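Colleague: Here's a structure for you.
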Amino acid sequence: MIKTFTRNDVIRFVYDEVSAEERSDMELLMMSEESFMKLYHKYNVVKNQIRKVAIEPSENVIDRILMYSKSFSLQQ
27 MIKTFTRNDV IRFVYDEVSA EERSDMELLM MSEESFMKLY HKYNVVKNQI RKVAIEPSEN
87 VIDRILMYSK SFSLQQ
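If you read the sequence shown in my numbering, its first letter stands for residue 27, the second for the next number, and so on.
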């Protein structure tokens, strides 16, 4: 039986969310299909870039929050 894999399956593979059987099948497919291997590498790069994104508020946002907070302490 020929198994087909979708882009979602490749993403699941990148995030290690596949069964042992699926992993084995996908690894075999990567060895024989260059396009599948390229897609895997592309998604892996994206995954690594996402990890590098800093999820912090900007200095401007922090300053505005502090100013807002100080305005309440001055009113009391």
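The beta carbon of each residue, even a glycine, is placed where N, CA and C say it ideally should be.
All values reported here derive from a predicted model rather than from experimental measurement.
What is the C-beta distance between F116 and Y66, in whole angstroms, given that I count them as a contact (C-beta under 8 Å)?
Modeller: The structure shown does not extend to residue 116, since the chain spans only 27 to 102, so no value can be given for it.
Colleague: Please report the distance separating the alpha-carbon of V36 from that of K78.
Modeller: The alpha-carbon atoms of V36 and K78 are separated by roughly 21 Å.
Colleague: Do you know how far the Cα of E48 is from the Cα of L55?
Modeller: Roughly 10 Å separates the two Cα atoms.
Colleague: Does DSSP put S50 in a helix, a strand or coil?
Modeller: Helix at S50.
Colleague: Quick check: the Cα distance between S84 and M57, rounded to an integer number of angstroms?
Modeller: Roughly 44 Å separates the two Cα atoms.
Colleague: Using three-state DSSP, classify E60 as helix, strand or coil.
Modeller: The answer is helix: DSSP assigns E60 an H, G or I state.
Colleague: When DSSP labels each residue in this structure, what does V44 get in the three-state scheme?
Modeller: Three-state DSSP puts V44 in coil, outside helix and strand.
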